[in-house]
Structures are given as C-alpha cells and as structure tokens.
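Colleague:
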Amino acid sequence: MREFEELCRENYARIYRYIFAMTGSKESAEDLIQDVFTAAIEKGEAFLQHENPPAYLYKTARNMTFTYLKQRRRMAAEPLDENTPDGDGDLSDQLLRTYDKQIDETAYAGQVLHGLDSGQRELYEKRYVERLPIRDISQELGTSEPAMRMRLVRLRRDIHDAVKELKLDEK
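Take 14 as the starting number for the sequence shown in the numbering used here and just add one per residue.
(1) Would you mind stating whether G37 and E178 have Cβ atoms separated by less than 9 Å?
(2) Helix, strand or coil for E23 per DSSP?
(3) With a threshold of 8 Å, are at least 3 pairs of Cβ atoms found where one atom belongs to the segment 64-80 and the other to the segment 43-52?
(4) If I measure Cβ to Cβ from Y69 and keep anything under 6 Å in the same chain, skipping five residues before and after, which residues do I get?
(5) Using the Cα positions of R170 and F79, report the straight-line distance between them to the nearest angstrom.
(6) Going by Cα to Cα distance, which pick from H127, I147, E43 is closest to I32?
(7) Spatial neighbours of E158 within its chain, please: C-beta separation below 8 Å, excluding the five flanking residues on both sides.
(8) Distance check for L136 and L165, CA to CA, integer angstroms please.
(9) Rounded to whole angstroms, what is the Cα-Cα separation between F17 and G57?
(10) Is M163 near L154, with beta carbons less than 9 Å apart?
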C-alpha cells in the first residue's frame, strides 16, 4: 500500500494537468483522476507489478478522458454561432462546419494534438475544449474575427489531414 501511495503522490499533479488540458474543466478533471486511481486500486497487485506503473496511469487517464469527451460530444447540442444567421454564413463558416462533421478527433486526439504546434494546440483548446466563441478567442489573441475564422479553417484542415494519414497507416 505504501508503494501505491508513493506512486499516487509522484504522479497525481501531472496526470491531473494532463486530464485538465484535454477536458478544460476542473470538475471533470477531478472526477476523471479519481476514476484513474480507482482503476489502479482495483487492479491491485497487478498494477504495482506493471513494468511501468506511471505509464499505466497515463494510458488509463487518456482512455478514460477520451471516453468522457466522446460522451460529452454526443450529448452536447450544437449551438448556433451567434454571428451567423440560420442557414447563411460565409465560406469559412461553411468550411468549419464541413470539417467538423467529417472528423471524430477524439479517436486520434492524442496523436494528432501532439503533431500540432503550440499555437495550434492553444487555439484547439480554446475553441473545441473550452468552447469559447470565435469573437472571444480573436479578442484574446488580438486578431480580427475573419482572420480567426481562417485560422480555425486551417487548423481543422490540418487535423483532418493528420487523421487521414493515421487512418491510411492503419491499413
């Protein structure tokens, strides 16, 4: 039990930050990290005998977080963009919606997000994890809304291309 407590103490903060970065929610991160360590406790001695217990914790955290994100995405109603009249919109809005419908990024999130540069990851987290409106993101990052929309179109295209590459590598 002492070894388990030590592993918890050494890894808790890092795994919490890892989960929080993916969910963007303090409450969700707290719930998920409890689930991760509960799963480790339930594994008992098998967990402690694992060749790399911290890696087991991270993999469990990743899997549980992806499952949570999938469920949250399924349950979330798609809100109308407050800047776009129903059914209308400029080309960048249409491209965003098209790419959004084609990708289940949670299936490849870990691999794809690590392939993005820090600016792209920050933009991804603000728009798709924190679900901030484009207006707020553009103000926060000091750019115009049309420029931000174009950055989001490019980001989604890059994610789409990365997922396509991953799917091709699987076959």
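Beta carbons are placed, not taken as given, at the ideal position from N, Cα and C, and that holds for glycine.
Modeller: According to the data block:
(1) Mapped onto the sequence shown, residue 37 falls at position 24. Mapped onto the sequence shown, residue 178 falls at position 165. Not in contact: G37 and E178 (Cβ atoms no closer than 9 Å).
(2) Sequence index remark: in the sequence shown, residue 23 carries index 10 (1-based). Note: E23 maps to helix in three-state DSSP.
(3) yes
(4) Walking along the sequence shown from the start, residue 69 turns up at place 56. Same-chain partners within the cutoff: H63.
(5) To locate residue 170, count along the sequence shown from 1; it is residue 157. To locate residue 79, count along the sequence shown from 1; it is residue 66. Their Cα atoms are separated by approximately 21 Å.
(6) As a working mapping, residue 32 is identified with position 19 in the sequence shown. For the residues H127, I147, E43, the minimum Cα distance to I32 belongs to E43.
(7) In the sequence shown, residue 158 corresponds to position 145, counting from 1. If we look at E158 and ignore the five residues flanking it on each side, its Cβ neighbours are N96, I147, R148, S151.
(8) Counting from one through the sequence shown, the residue named residue 165 turns up at place 152. Counting from one through the sequence shown, the residue named residue 136 turns up at place 123. Using only the alpha carbons, I get a separation of about 8 Å.
(9) Counting from 1 along the sequence shown, the entry for residue 17 is found at position 4. Counting from 1 along the sequence shown, the entry for residue 57 is found at position 44. Computed Cα separation, rounded: 9 Å.
(10) Walking along the sequence shown from the start, residue 163 turns up at place 150. Walking along the sequence shown from the start, residue 154 turns up at place 141. Cβ atoms of M163 and L154: not closer than 9 Å.
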